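Residue numbers (our numbering), protein chains in the order written: chain A, 25 to 139; chain B, 19 to 132. Even glycine gets a Cβ: it sits at the ideal position worked out from N, Cα and C. Note that the structure is predicted; figures quoted are calculated from it, not measured.
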């Protein structure tokens, strides 16, 4: 089953460390989206990428957060110098072709805990 | 503020009953989508309704869209215990001429009691 794969499922970091979250989109999908979800809340859009390009990063904090989707390999969401407030579930989704009128397919998320 | 807001926040029903969840949004949209999330899992796409559609069916699911009221409803008929999950609406809004991101509401937690 070539669904959206995220790893790790759970990640524990101490304050000040770096967190790297990986996402492999569904086979044939070239559009990737990252979302953040706090407990009891809906998903908040962070960034939308196509291969080697950031298309929309309007939901991404200006500092410490970065995302990439290289030509080869998974998309990476990187959080530098993590703080307690970064604790959340981070979900990746992918879609085929243009995002308009295309459903997004989600991975099971990475749960990030900051000690 | 949230683009999509679900109502109610939580709903508890008996197996076999129908469940109705509502979603309101604020801006013009390209389409509206409903997703389901089981505890600890990612979101599963249920149904997409375009802005020029008024009603759509998929199995036991029925979605309506009223663009004049900026609202949508999701009806699950003959509910089962396995329908217990959180349900989210998401709007695919027109932004700068192209739709690029989904905006999610905070969800309705549905509990179906056996």
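Span of the beta strand (DSSP E), counted from its first residue to its last, around residue i
| i | result |
| --- | --- |
| residue 110 (chain A) | Taken as a continuous stretch (DSSP letters only), residue 110 (chain A) belongs to no beta strand (DSSP E), as it is neither H nor E. |
| residue 100 (chain B) | Per DSSP, residue 100 (chain B) belongs to no beta strand (DSSP E) and is neither H nor E. |
| residue 127 (chain B) | 126-131 |
| residue 30 (chain B) | 28-32 |
| residue 48 (chain B) | 47-55 |
| residue 86 (chain B) | Note, residue 86 (chain B): premise wrong, no beta strand (DSSP E); not H, not E. |
| residue 42 (chain B) | 37-42 |
| residue 28 (chain A) | Taken as a continuous stretch (DSSP letters only), residue 28 (chain A) belongs to no beta strand (DSSP E), as it is neither H nor E. |
| residue 24 (chain B) | 23-25 |
| residue 71 (chain B) | That residue, residue 71 (chain B), is in no beta strand (DSSP E); it is neither H nor E in DSSP. |
Classification of residue i by the beta-carbon crowding that lies within 10 angstroms, buried from 16 upward
| i | result |
| --- | --- |
| residue 85 (chain A) | exposed |
| residue 24 (chain B) | buried |
| residue 75 (chain B) | exposed |
| residue 94 (chain A) | exposed |
| residue 58 (chain B) | exposed |
| residue 131 (chain B) | exposed |
| residue 45 (chain B) | exposed |
| residue 90 (chain B) | buried |
| residue 43 (chain A) | buried |
| residue 34 (chain A) | exposed |
| residue 98 (chain B) | exposed |
Cβ separation of residue i and residue j, assumed to be a contact under 8 Å, to the nearest whole Å
| i | j | result |
| --- | --- | --- |
| residue 30 (chain A) | residue 121 (chain A) | Not confirmed; about 22 Å, so no contact. |
| residue 101 (chain A) | residue 38 (chain A) | At roughly 19 Å, the Cβ-Cβ gap does not stay under 8 Å, so residue 101 (chain A) and residue 38 (chain A) are not in contact. |
| residue 72 (chain A) | residue 57 (chain A) | 5 Å |
| residue 103 (chain B) | residue 121 (chain B) | 20 Å between Cβ atoms; not a contact. |
| residue 129 (chain A) | residue 111 (chain A) | Not really, about 25 Å apart at Cβ, beyond 8 Å. |
| residue 131 (chain A) | residue 60 (chain B) | 5 Å |
| residue 64 (chain B) | residue 79 (chain B) | 6 Å |
request  = Tell me the start and end of each unbroken beta strand (DSSP E) in the region 37-64 of chain A that is at least 3 residues and wholly inside, in chain order.
outcome  = 43-48 and 55-61
ask   = Curious, which full-length beta strand (DSSP E) runs of at least 3 residues does the region 68-138 of chain A contain?
value = 77-80, 89-92, 99-103, 112-119 and 134-138
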